[in-house]
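Numbering (full-length UniProt numbering), first residue to last: 1 to 637. We treat Cβ as the ideally placed atom computed from N, Cα and C, and that holds for glycine. Single-structure report; data block below.
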Amino acid sequence: MIKLLIDIPYIENVKIAESYRGKDDVLAAEIYGKIRGVQNENGVTCEQESRISVITETLFTASVTSRLFLDALSDCAQHCYDSKAFASCLKYCDCMLALPVNLYDKSAESLNNFLERRKACMYLESECSKKLKTSSSRGGKTHGRRNSNRTTASENVFLRNESIATTPVVDGKRHAILKSCSDAVALEFDEKRGRRLVASRNIKAGSVLIVEPPFASSTNKEALDRNCLHCHASFKSRSTVKIPCYSCRTVSFCSEKCRKEAWRTYHRYECSLFDFFYEGNSSEQTQRQASHLLLAYRMMVIGSLSSGATKMHNNNAGENDIPFLNDDYLRCQAASANKESSELGISEIYKSEDYRTVLGLETHCTTLEPNVNLIRAIEAIFLTKCFTSVLSKMDVVCLKETFLSLAVGMLHHLQAVNCNAYEIVENVYNEKTHVWEPREIGGAIYPSVSLVNHSCYPNIVRHSYPAGMVVVRTLRFIGKGSEILDCYGPHFLSEGRLQRREYLWKKYRFLCECEACTQNWQSPLPDTMSYKCKTCSEIICEFPLNEKDIRQASIMKCFACKEKIDCKKVNGQFRKSVDKRLNAISKMYEGHYAQALPQLLEHIQFIEKFFTVPNIETIKTQQCIIQCYNRFGCTSK
């Protein structure tokens with residue numbers, strides 16, 4: 001298809017022009033002049049927020065080689081220092097000190113101005129480091145109080161709104177072959193379901209099974225001004241700053257480190273074309289498609305330039321060749337697809353950062369409608385033209401054969417993104433409902449997480465952490481040999497079986513046969529709890545949730561195995577366990593999520609042991625557990 005399309009004259013003659021908001025020193029000077037408008041008649045600043053907003057806008061508009069850029073950057077650092085935001089001041093100083101001298105050595109005046117600004121930032125850096133060190137030593141003594149559980153209302157708001165996410169590690173040992181996973185999981189190959197992850201031992205609720213960085217990620221249009229392009233950190237936190245790209249005005253970074261890393265790995269190949277991905281209307285569906293286009297583009301950029309994919313099974317490739325997806329590789333991949341599917345991750349190490357692993361992701365292209373594949377092929381050719389246009393400005397010549405290989409690879413990524421991309425989210429606290437609500441800020445490819453199959457009643461939950469890391473935890477007990485299951489679409493509580501199956505077939509091309517679908521679980525769930533026999537798991541009796549005292553006989557027998565059960569005793573234990581969930585909710589309202597979580601996990605362990613699924617108490621508890629994890633991950637105001 002690619003070969004046919006690239007020879008069509010209209011497509012062949014398409015030329016790629018730059019499409020981005022570049023720097024504008026004239027406009028920057030006009031913006032900087034607005035500082036006078038936020039001063040009163042005595043020359044004293046009236047609104048600090050307005051002033052720093054003007055300075056920041058100037059910083060993003062001025063070219064990096066201009067004096068105005070240096071002035072604005074110095075003003076940002078000084079403002080943070082005056083406001084006692086020492087950590088933020090250090091980030092601006094880091095940006096200033098990272099600027100190369102050769103940008104300003106065109107004249108003696110320019111160089112002297114740069115060196116003066118640099119000297120001033122070195123002084124601020126030294127002072128901020130001293131003050132942060134003093135503050136840290138004092139804080140250490142304060143945190144030693146025994147009564148550390150008491151927090152004021154203002155402290156609770158700070159805890160809810162400040163993003164202090166620490167990425168956890170997997171429970172137990174790291175898997176020897178699945179490098180991003182715990183050794184509590186294993187990879188199996190099934191002819192019907194393909195590769196899947198199963199529990200290699202009994203796993204309790206709350207266990208961390210996977211911690212994985214993205215192979216590539218993208219940012220939604222509405223999040224470009226709210227979040228760092230590289231690590232997706234929120235700019236709403238008190239300790240964050242906005243660092244500009246040196247070439248465009250569209251994207252922002254939370255640190256000089258993120259700016260450098262993004263430029264090195266992908267942004268230099270997209271900067272001059274960035275508006276191509278986000279122009280047009282801003283409907284939610286269109287913006288998600290744009291984010292997926294950018295994600296596929298970055299997959300190609302990162303994959304093509306990654307050292308781990310240099311030879312791509314091509315023995316004739318030189319060490320300095322860019323690893324294009326050539327015909328030899330495609331034939332090799334097709335010939336060994338079944339063997340790789342059955343061995344990769346079992347006898348061969350599954351490297352989620354390896355380009356070959358990404359190329360092995362499912363695309364479902366053979367079952368899609370021809371018009372869908374046609375549209376994606378045209379998109380692939382356009383994106384490849386974008387990539388080769390950027391490469392040509394770097395004096396990298398791409399011949400027609402190279403272009404064809406790149407376009408085939410780009411098409412593969414566009415197809416894979418549709419059924420393998422995961423959302424990156426940050427959680428925003430709702431003061432009225434006391435709920436952390438997820439807000440999507442981008443998408444990412446996680447090769448290890450992609451091994452997890454679907455269920456409309458999942459036993460794991462995913463959360464986003466800094467730098468796009470994804471953390472996968474268990475929602476309930478998973479027995480040895482049981483499959484690890486995620487939810488790709490609607491949960492059984494939100495949609496009926498027919499609607500769920502229709503959605504999953506259209507997007508992922510499979511008929512769901514999970515427990516919720518095969519047994520056709522209905523929502524809303526009944527307001528009763530069915531006690532199961534601990535010997536044979538058959539239902540013995542039911543407890544009404546809205547009645548504390550049960551009416552049936554105290555001692556009952558299992559009809560299947562004759563096991564006796566004291567219903568009144570179990571009912572009493574159940575009520576006490578429910579009180580733990582209610583107590584945990586109270587702690588969550590106060591901001592003590594770390595204290596609430598153990599009570600919730602203990603309660604769900606009791607429910608799973610004695611009662612059948614589905615039941616409303618398990619669902620309520622799982623939602624509370626998810627809320628705790630929402631708070632521990634990436635958050636924003």
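Beta carbon of Tyr269 nearer than 9 Å to that of Phe387: In contact: Tyr269 and Phe387 (Cβ atoms closer than 9 Å).
Chain C beta carbons: is any one of them nearer than 9 Å to that of Tyr446? Among the chains in the structure shown there is no chain C, since it carries only a single protein chain.
Between the segment 416-429 and the segment 439-457, are three or more C-beta pairs nearer than 8 Å? The answer is yes - the segment 439-457 touches the segment 416-429, with three or more Cβ pairs under 8 Å.
Would you identify the three-state DSSP class for Ala17, choosing helix, strand or coil? Residue state, collapsed to three classes: coil.
Just tell me which of Ser306, Thr621, Ala596, Thr58 has its CA closest to the CA of Cys248. Looking at the Cα atoms, Thr58 is the closest of the given residues.
Going by beta-carbon coordinates alone, are Tyr531 and Thr612 separated by less than 9 Å? Using a Cβ distance threshold of 9 Å, Tyr531 and Thr612 count as a contacting pair.
Leaving out five residues on either side along the sequence, give the residues of the same chain with a beta carbon under 6 Å from the beta carbon of Ile616. Beyond the five residues adjoining it in sequence on each side, Ile616 comes within less than 6 Å, by CB distance, of Leu525 in the same chain, given in chain order.
Return helix, strand or coil for Ile607, following the three-state DSSP convention. If DSSP states are grouped into helix, strand and coil, Ile607 belongs with the helices.
Pick from Leu4, Ala87, Val26 that is closest to Phe60, judged by C-alpha positions: It is Val26.
Does the structure place the segment 463-470 close enough to the segment 489-498 that three or more beta carbon pairs sit under 8 Å? Because the criterion of three Cβ pairs below 8 Å is not met, the segment 489-498 and the segment 463-470 do not touch.
From Lys133 to Thr56, what does the alpha carbon distance come to, in whole angstroms? Taking C-alpha positions only, Lys133 is separated from Thr56 by approximately 28 Å.
Can the beta-carbon of Cys541 be found less than 9 Å from the beta-carbon of Ala560? Contact: no.
Give every residue of the same chain whose Cβ lies closer than 6 Å to the Cβ of Cys514, excluding the five residues on either side of it in the sequence, and list them in chain order. Short of 6 Å from the beta carbon of Cys514, and not among the five residues preceding or following it, lie these beta carbons of its own chain, in chain order: Ser455, Cys456.
Can you have a look at Met394 and say buried or exposed, based on whether 16 or more other CB atoms are within 10 angstroms of its CB? Residue burial is scored here from C-beta neighbours: Met394 has fewer than 16 other C-beta atoms within 10 angstroms and is therefore classed as exposed.
Among Leu414, Thr518, Tyr503, Glu379, the one whose alpha carbon lies nearest that of Val14: It is Glu379.
Does DSSP put Cys634 in a helix, in a strand, or in coil? Residue state, collapsed to three classes: coil.
Please classify Gly33 as buried or exposed, where buried requires at least 16 other C-beta atoms within 10 Å of its C-beta. Gly33 is exposed by the Cβ-count criterion.
Would you please state the rounded distance, in angstroms, between the beta carbons of Arg288 and Ser218? I believe it to be under 8 Å. Taking C-beta atoms under 8 Å as the contact rule, Arg288 and Ser218 fail to qualify, at a distance of about 10 Å.
With 16 other CB atoms within 10 Å as the buried threshold, where does Val211 fall? Buried, since its Cβ has 16 or more Cβ neighbours within 10 Å.
Is the beta carbon of Gly194 sitting closer than 9 Å to the one on Asn420? Their beta carbons are not under 9 Å apart, which means Gly194 does not touch Asn420 by this criterion.
What do you reckon, is the C-beta of Ile539 under 8 Å from a heavy atom of the ligand SAM? This structure lacks the ligand SAM; in fact it carries no ligand of any kind.
Could you tell me the alpha carbon to alpha carbon distance between Tyr81 and Glu125, rounded to whole angstroms? One Cα belongs to Tyr81, the other to Glu125, and the distance between them is close to 9 Å.
Which residue marks the beginning of the alpha helix (DSSP H) containing Gly442, and which one marks its end? Segment 435-445 is the beta strand (DSSP E) holding Gly442; no alpha helix (DSSP H) there.
Pair every Cβ in the segment 219-234 with every Cβ in the segment 252-263, then say whether three or more of these pairs are closer than 8 Å. The segment 219-234 makes contact with the segment 252-263; the number of CB pairs closer than 8 Å reaches 3 or more.
Between the alpha carbons of Ser88 and Thr240, how many angstroms are there, rounded? Each residue's Cα considered, the two are about 6 Å apart.
CA nearest to the CA of Glu188, picked from Tyr465, Cys181, Leu197: The residue among Tyr465, Cys181, Leu197 with its C-alpha nearest the C-alpha of Glu188 is Leu197.
Tell me, please, which residues DSSP counts as bridged to Ala186. Ala186 has Val198 as its beta-bridge partners, per DSSP.
Quick one: is Tyr123 buried, meaning 16 or more other Cβ sit within 10 Å of its Cβ, or exposed? Tyr123 should be labelled exposed.
Endpoints, alpha helix (DSSP H) assigned at Val211: First-last for Val211: 208-212, but that is the beta strand (DSSP E), not the alpha helix (DSSP H).
When the Cα atoms are used, what is the spatial distance from Leu451 to Thr250? Taking the straight line from one Cα to the other gives about 35 Å.
Please classify Ala214 as buried or exposed, where buried requires at least 16 other C-beta atoms within 10 Å of its C-beta. It should be noted that the sequence gives Pro, not Ala, for residue 214. Of the residues assessed, Pro214 falls on the buried side of the cut-off, its CB having 16 or more other CB atoms within 10 angstroms.
Would you kindly work out how many angstroms separate the C-alpha atoms of Thr286 and Gly633, rounded to a whole number? When rounded, the separation of the alpha-carbon atoms in Thr286 and Gly633 is 27 Å.
Distance between Gly409 and His364 (C-alpha atoms, nearest Å): In a straight line, the C-alpha of His364 is about 15 Å away from that of Gly409.
Candidates Leu582, Arg264, Asp183: which alpha carbon is nearest Val208's? The candidate whose alpha carbon is nearest that of Val208 is Asp183.
Buried or exposed: where does Pro244 fall if 16 or more other Cβ atoms within 10 Å of its Cβ makes it buried? It is buried - the Cβ of Pro244 has at least 16 other Cβ atoms within 10 Å.
Taking C-alpha atoms, which residue in Lys179, Glu401, Val417 lies nearest to Ala296? Among Lys179, Glu401, Val417, the Cα nearest to that of Ala296 is on Val417.
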